[in-house]
Amino acid sequence: MVDKELLEILACPKCKQPVGYDEKAQRIICTSAECGLRYPVRDGIPIMLIDEAEDPHAGKSDGGR
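For the sequence shown, the numbering used here gives the first residue as 3, with consecutive numbering after it.
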């Protein structure tokens, strides 16, 4: 579990947008639809490193653009 007060001050290190918490997946999730990176939480500590994040858009085609 991640403290709600901590979530209010955290921001995505890539796009600087607010983040939310997915309790089931134990991930901090960027709220930006364009970014949407998912950061792991280990032992209750958010790992807010871009290199550690999961990109939900990875591998998706952009329609040839």
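Beta carbons are placed, not taken as given, at the ideal position from N, Cα and C, and that holds for glycine. The structure presented is a predicted model; accordingly, all values stated were derived computationally and were not measured.
According to DSSP, residue i sits in a beta bridge with which residue or residues?
{"i": "glutamate 56", "result": "Arg40"}
{"i": "alanine 13", "result": "Pro20"}
{"i": "isoleucine 30", "result": "Tyr23, Tyr41"}
{"i": "isoleucine 47", "result": "Arg44"}
So, for residue i: in the same chain, excluding its five sequence neighbours on each side, which residues have a beta-carbon less than 7 angstroms away from its beta-carbon?
{"i": "proline 48", "result": "Val4, Leu12, Ile30, Tyr41"}
{"i": "threonine 33", "result": "Gln19, Pro20, Val21, Gly22"}
Report yes if the C-beta distance between residue i and residue j is below 9 angstroms; otherwise report no.
{"i": "leucine 39", "j": "lysine 6", "result": "no"}
Between residue i and the rest of its own chain, which residues show a CB-CB distance below 6 angstroms, the 5 nearest in sequence each way excluded?
{"i": "glutamine 28", "result": "Val43"}
Would you kindly work out how many angstroms separate the C-alpha atoms of residue i and residue j, rounded to a whole number?
{"i": "cysteine 37", "j": "lysine 26", "result": "21 angstroms"}
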